[in-house]
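Residue numbers (full-length UniProt numbering): 1 to 222.
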């Protein structure tokens, strides 16, 4: 791919996995370049008891936040992130759960198709454009003031801030530590072996001297 450059990335549309939501339910689409403070300012303006003033518009991030019509305060809100923005979406969810108490959570994981369009660096060379399709992980999180079905997979009761992600984070951290130890293991073993060979010759000259010295003292005593 050294003769190509990435021209654009197109995410295939994916319907919301939570059916029958009210029409005024906001959907916060977290992007890789989104700023958490801007996303949280908008989310808190729709979920906190204190509504924002009328002279403070523009709390969303353009196309990143789609808002239904209705009253300012909402009973539910949806966060979604794709690929590298999944971690940022989870961060926003956890912040909101700490600011607004008593929220029920329903999480769904899926894969979304992303198409990358690559253009040739030199079109006159006769190279064609390439379209690469990849399946990347995505997350959908529904936060609700109202009770949700606790029997559904991915449900979290109010107050369980990090329970859903704790095991996944532990497994990911363990995998990273294992890979780092494996990478360091090859070079570390080489240094250890080299150090052992270096110490051997330095000890050998000292052994005969250490043996002859006691013999000399013994002879003088006789």
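Every residue, glycine too, gets a C-beta built ideally from N, C-alpha and C.
Sequence-distant residues of its chain with Cβ nearer than 6 Å to residue i (five each side left out)
| i | result |
| --- | --- |
| residue 142 | 18, 78, 106 |
| residue 12 | 113 |
| residue 134 | 114 |
| residue 16 | none |
| residue 14 | 112 |
Boundaries of the beta strand (DSSP E) in which residue i is found, first to last residue
| i | result |
| --- | --- |
| residue 142 | 130-144 |
| residue 76 | 76-82 |
| residue 108 | 104-120 |
| residue 9 | 4-11 |
| residue 27 | 27-30 |
Beta-carbon spacing of residue i, residue j below 7 Å
| i | j | result |
| --- | --- | --- |
| residue 115 | residue 10 | yes |
| residue 288 | residue 146 | The first residue shown for the chain is 1 and the last is 222, placing residue 288 beyond what the model contains. |
| residue 97 | residue 140 | no |
| residue 82 | residue 136 | yes |
| residue 84 | residue 20 | no |
Extent of the continuous alpha helix (DSSP H) to which residue i belongs
| i | result |
| --- | --- |
| residue 42 | 36-47 |
| residue 96 | 86-99 |
Contacting residues, own chain, Cβ-Cβ under 7 Å from residue i (five flanking each side not counted)
| i | result |
| --- | --- |
| residue 148 | 104, 106, 155 |
Cut-off 8 Å between Cβ atoms - residues of its own chain near residue i, not counting five sequence neighbours on either side
| i | result |
| --- | --- |
| residue 92 | 28, 30, 36, 39, 40, 43, 79 |
| residue 129 | 7, 117, 118, 119, 120 |
| residue 127 | 3, 4, 120 |
| residue 87 | 81 |
| residue 189 | Per-residue confidence for residue 189 stands at a pLDDT of 46, beneath the threshold of 50, marking its modelled position as unreliable; no derived number is given. |
Nearest-angstrom beta carbon gap, residue j and residue i [assumed within contact, 8 Å]
| i | j | result |
| --- | --- | --- |
| residue 112 | residue 138 | 4 Å |
| residue 158 | residue 102 | 5 Å |
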